[in-house]
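Written below as C-alpha cells is the structure these notes are about.
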Amino acid sequence: MTCIFCDILDGKIDGHFLYEDDSHVSFLDKYPIDVGHSLVIPREHHERITDMASEDVGKAFSLVPKIAKAILTATGADAFSLGQNNGRAAKQIIPHVHIHIIPRYNHKGTIWTKRQISTDDELSELAKKIRSVI
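By this note's numbering, the letter at position 64 of the sequence shown is numbered 611, and the numbering carries on one by one without gaps.
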C-alpha cells in the first residue's frame, strides 16, 4: 500500500518541513484549513494511534507545544486546535498517524471543513518563517 506521508519522508514527494528528529517530522498541510495548518507524524508508519506503543504516542504529542508555539509566533494566530483521526469513519484521509495543528484567528472564526489551496511558494515561505522560530 502506498502512503503519501511515507513518500514525503522518502523524498519522493516534496514536503514543507518545519521540524525533524530521528523519530518524527512536522510539515505544513498542503490543503490547510487555515494559514499555518501543520502536521506532526512519526517516521515509522502506523495507520492508527492504537497501533503504536503508548510511549511513542506520548513522544509524538510532546512535540506539539514546541511546534504550535512556533506556528503561533510566525503566523500571528490567536489560538490553535488539535485534531487526530483514526480510521476512515473518523475522516482520516491519509492512513498514517498524524496530529493536526490548526492555527485559529479571532477575526476568522473557527471552521473545520473549509480547505484552502496554497502555492508551493507560499508554503515554502511560511515553512521557512516557522522553522526560524523553532
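The beta carbon of each residue, even a glycine, is placed where N, CA and C say it ideally should be.
{"query": "For the structure I just gave you, are there three or more beta carbon pairs, one from the region 548-558 and one from the region 664-678, closer than 8 Å?", "result": "no"}
{"query": "Which of helix, strand or coil does DSSP assign to L610?", "result": "coil"}
{"query": "Could you tell me the distance, in whole angstroms, from the CA atom of F627 to the CA atom of E594?", "result": "24 Å"}
{"query": "I649 and H584: beta carbons closer than 8 Å?", "result": "yes"}
{"query": "Using DSSP bridges, identify the partner residues of S573.", "result": "Y566, V587"}
{"query": "Determine the contact status of A607 and H571, defining contact as a CB-CB distance below 8 Å.", "result": "yes"}
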